[in-house]
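Encoded as C-alpha cells, the structure appears first; notes follow it.
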Amino acid sequence: AVDPATDPAAAAAAAASGPPAGVCWERSFDTPDPPRRIHKPAKPGVVEIIGLLPIAARVGSYVSSERRAHREPIFDLSGIDLHPPDPGPHAGVPLGGIGAGCIGRGWKGDFRRWSLFPGRYQHRQVAADQFSVRIKGAKSGVHSCVLSPLQRHASLPSWGWGMDPSCATYSGLYPRAWTTYTSPVPGVTLVCKQVSPVVPHDYRTSSLPCAVFEWTVLNTSDEELEVSIMFTFQNGDGGPEDKAGGHANSCFRHPQGSGIRGSGGG
Numbered sequence: 001a002v003d004p005a006t007d008p009a010a011a012a013a014a015a016a017s018g019p020p021a022g023v024c025w026e027r028s029f030d031t032p033d034p035p036r037r038i039h040k041p042a043k044p045g046v047v048e049i050i051g052l053l054p055i056a057a058r059v060g061s062y063v064s065s066e067r068r069a070h071r072e073p074i075f076d077l078s079g080i081d082l083h084p085p086d087p088g089p090h091a092g093v094p095l096g097g098i099g100a101g102c103i104g105r106g107w108k109g110d111f112r113r114w115s116l117f118p119g120r121y122q123h124r125q126v127a128a129d130q131f132s133v134r135i136k137g138a139k140s141g142v143h144s145c146v147l148s149p150l151q152r153h154a155s156l157p158s159w160g161w162g163m164d165p166s167c168a169t170y171s172g173l174y175p176r177a178w179t180t181y182t183s184p185v186p187g188v189t190l191v192c193k194q195v196s197p198v199v200p201h202d203y204r205t206s207s208l209p210c211a212v213f214e215w216t217v218l219n220t221s222d223e224e225l226e227v228s229i230m231f232t233f234q235n236g237d238g239g240p241e242d243k244a245g246g247h248a249n250s251c252f253r254h255p256q257g258s259g260i261r262g263s264g265g266g
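In terms of this note's numbering, the sequence shown is numbered consecutively and its last residue is 266.
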C-alpha cells in the first residue's frame with residue numbers, strides 16, 4: 001500500500017501513467033452538457049453555400065437515387081441542406097486508425113459513435129460496453145462497481161451502477177486519452193490510458209483498426225489489495241441487427257496475448 005501524497009516514488013509512478021499536464025482537453029464526469037444554443041452543428045455562410053450548390057446538387061441526386069433503390073448511400077446526409085447526424089456534445093478521442101473505421105468514445109467513458117464503415121455513422125450507447133473494477137482486502141472486504149456515471153440501466157439492473165461521477169476525469173490528446181478514477185471504490189486510484197495506432201510517416205500501421213487500453217492501479221489504502229479490471233463488450237452496435245441472430249464469439253490465442261473474436265450478424 002502506498003500514498004502518493006507522502007511517497008515520492010508513488011507520486012512519480014502516478015504522474016508517469018497519467019496525462020501530460022497542461023496540454024490536454026479535460027472534463028470531469030460530473031460536468032453538465034452545454035446547452036444547445038452553445039453546442040450546435042456548424043453551417044456554412046451564404047457565400048460558401050452558393051459555391052457549394054453544384055456539388056450539393058450532385059450529392060443530393062446520388063443520395064436520392066440510392067434510397068429509391070433501397071440501398072444506403074456511402075455517407076449519412078439528410079434534409080435539404082444535406083446535414084450529417086448531430087453527435088451532440090459528447091465526443092472524446094476515437095478508437096482506431098485512420099481510414100479504417102473507428103468507434104468513438106465519449107468523454108464520460110461510453111462507446112457511442114460507431115463508424116465501422118467509413119462515411120456511415122451510428123450514434124448509440126450500448127449499456128454492456130463497460131469497464132468494471134473489483135477489489136478485495138482482508139480488512140476492507142469486497143467492493144466492485146461499473147466505471148460509468150450511469151446510475152442504473154434497465155437492461156442490466158443487477159450490475160454495480162452508481163459510481164460517483166465527480167471521482168473521474170477525462171483527458172484527451174489525440175491519438176491518446178486518459179481517464180483517471182480517484183477512489184471509485186475504497187483504496188484505489190485507477191488510470192486508463194487509451195492509445196490508437198497513429199504513427200507519423202507509417203501509413204500502414206496508422207490504418208490498423210485497433211486500439212489499446214493500458215491500466216495503472218495505485219493502491220492508496222493501508223493494506224494489500226487484490227484488484228481486478230473487467231471489460232465487457234456486446235457483439236454489435238446496439239442497432240436492430242443485434243437481435244437478428246447469427247452473431248458468434250470465439251477465443252483466439254497469439255504469442256503476444258489472447259482474446260475474444262466477435263463475428264457474424266444477420
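Just so it is clear, CB atoms sit at the ideal spot from N, CA and C, and this is done for glycine as well.
Nearest-angstrom Cβ-Cβ length linking Gly137 and Leu225, presumed shorter than 8 Å:
For the purposes of this step, residue 137 is taken as residue 137 along the sequence shown, with counting starting at 1. For the purposes of this step, residue 225 is taken as residue 225 along the sequence shown, with counting starting at 1. With a Cβ gap of about 5 Å, Gly137 and Leu225 count as contacting.
Checking 7 Å against the spacing of the C-beta atoms, do Thr31 and Gln130 come in under that value?
Working through the sequence shown from its first residue, we reach residue 31 at position 31. Working through the sequence shown from its first residue, we reach residue 130 at position 130. No. Outside cutoff.
In or out: Leu147 buried (at least 16 other Cβ within 10 Å) or exposed?
Within the sequence shown, numbered from 1, the residue matching residue 147 stands at position 147. It is buried - the Cβ of Leu147 has at least 16 other Cβ atoms within 10 Å.
Closest residue to Ser196 among Val47, Ile103, Cys24 and Ala69 (Cα-Cα distance)
Here residue 196 corresponds to residue number 196 of the sequence shown, with the count starting at 1. The option with the nearest alpha carbon to Ser196 is Ile103.
Span of the alpha helix (DSSP H) around Tyr62:
One-based indexing of the sequence shown puts residue 62 at position 62. Taken as a continuous stretch (DSSP letters only), the alpha helix (DSSP H) holding Tyr62 covers Val46 to Arg68.
Going by alpha carbons, who is nearest to Ser155 out of Ser171, Val126, Trp178 and Thr169?
Locating residue 155 in the sequence shown gives position 155, counting from the first residue. Checking every option, the nearest Cα to that of Ser155 belongs to Val126.
Check whether the region 166 to 176 and the region 254 to 262 touch, using three or more Cβ-Cβ pairs below 8 Å as the test.
no
Run of the beta strand (DSSP E) containing Ser228, from where it starts to where it stops
Position 228 of the sequence shown, counting from 1, holds the residue named residue 228. Element bounds for Ser228: Leu225 to Thr232.
What did DSSP end up calling Lys243 once you bin it into helix, strand or coil?
By one-based count along the sequence shown, residue 243 stands at place 243. Helix.
Quick check: is the beta carbon of Glu214 nearer than 7 Å to any beta carbon in chain C?
In summary, chain C is missing from the structure at hand, where a single protein chain is found.
Per the DSSP calculation, Tyr280 is bridged to which residue(s)?
No answer is possible for residue 280: the residues shown for the chain start at 1 and end at 266.
Just the Cα atoms here: how many angstroms apart are Val191 and Gly51?
For the purposes of this step, residue 191 is identified with residue 191 of the sequence shown, where counting begins at 1. For the purposes of this step, residue 51 is identified with residue 51 of the sequence shown, where counting begins at 1. In a straight line, the C-alpha of Val191 is about 48 Å away from that of Gly51.
Cβ neighbours of Glu214 in the same chain (closer than 6 Å, five flanking residues each side left out):
Within the sequence shown, the letter at position 214 stands for residue 214. The answer, listed in chain order, is Lys193.
Counterpart residues of Trp114 in DSSP-defined beta bridges:
The residue labelled residue 114 in the question sits at position 114 within the sequence shown. Bridge partners of Trp114: Ile103 and Gln122.
Assign Thr205 to one of three DSSP states: helix, strand, or coil.
What you label residue 205 is simply residue 205 of the sequence shown in a count that begins at 1. Helix.
Going by CA-CA distance only, name the one from Pro157, Gly187 and Ala177 that's closest to Cys167.
Taking the first residue of the sequence shown as 1, we reach residue 167 at position 167. Cα-wise, what sits closest to Cys167 is Gly187.
With DSSP collapsed to three states, give me the class of Pro197.
The residue you call residue 197 lines up with position 197 of the sequence shown. Coil, per DSSP.
Continuous beta strand (DSSP E) stretch holding Pro94: start and end:
Translated into the one-based positions of the sequence shown, residue 94 becomes position 94. It spans Ala91 to Leu95 - the beta strand (DSSP E) in which Pro94 sits, taken as one unbroken run.
Through-space distance from Glu26 to Pro20, alpha-carbon basis:
Here residue 20 refers to the residue found at position 20 of the sequence shown. Here residue 26 refers to the residue found at position 26 of the sequence shown. C-alpha separation (whole angstroms): 11 Å.
Is the region 235 to 242 touching the region 112 to 124 in the sense that three or more CB pairs, one from each, lie closer than 8 Å?
yes
CB-CB under 6 Å to Ser144, same chain, minus the five flanking residues each way: which ones, in chain order?
For the purposes of this step, residue 144 is taken as the residue at position 144 of the sequence shown. Only Arg134 and Gly160 meet the Cβ criterion.
Going by the DSSP bridge assignment, what does Glu72 pair with across the sheet?
The sequence position of residue 72 within the sequence shown is 72, counting from 1. Glu72 is not bridged to any residue.
Check the C-beta distance from Gly97 over to Leu208 and give it rounded, since I have them as a contact under 8 Å.
As a first step, residue 97 must be located in the sequence shown, where it is residue number 97. As a first step, residue 208 must be located in the sequence shown, where it is residue number 208. Right, their Cβ atoms sit about 5 Å apart.
For Ser158, three-class secondary structure by DSSP:
Counting from 1 along the sequence shown, the entry for residue 158 is found at position 158. Looking at Ser158 - three-state DSSP - the assignment turns out to be coil, as it is neither helix nor strand.
Name the DSSP beta bridge partners of Leu190, please?
Walking along the sequence shown from the start, residue 190 turns up at place 190. In the DSSP output, where bridge partners are listed per residue, Leu190 has Tyr181 and Val217.
In the DSSP assignment, what are the bridge partners of Arg134?
Your numbering for residue 134 matches position 134 in the sequence shown. DSSP output for Arg134 lists Ser144 and Ser228 as bridge partner(s).
Candidates Arg112, His83, Gly119 and Glu223, of which the one nearest Ala100 by Cα
As a position in the sequence shown, residue 100 is number 100, starting the count at 1. If we check each option's Cα against that of Ala100, Gly119 comes out closest.
Among the residues of its own chain, which have a CB less than 6 Å from the CB of Ala128, if the five just before and after it don't count?
Residue numbering aside, residue 128 sits at position 128 when the sequence shown is read from its first letter. For Ala128, where only same-chain residues beyond five positions count, the Cβ hits under 6 Å are Thr232 and Gln234.
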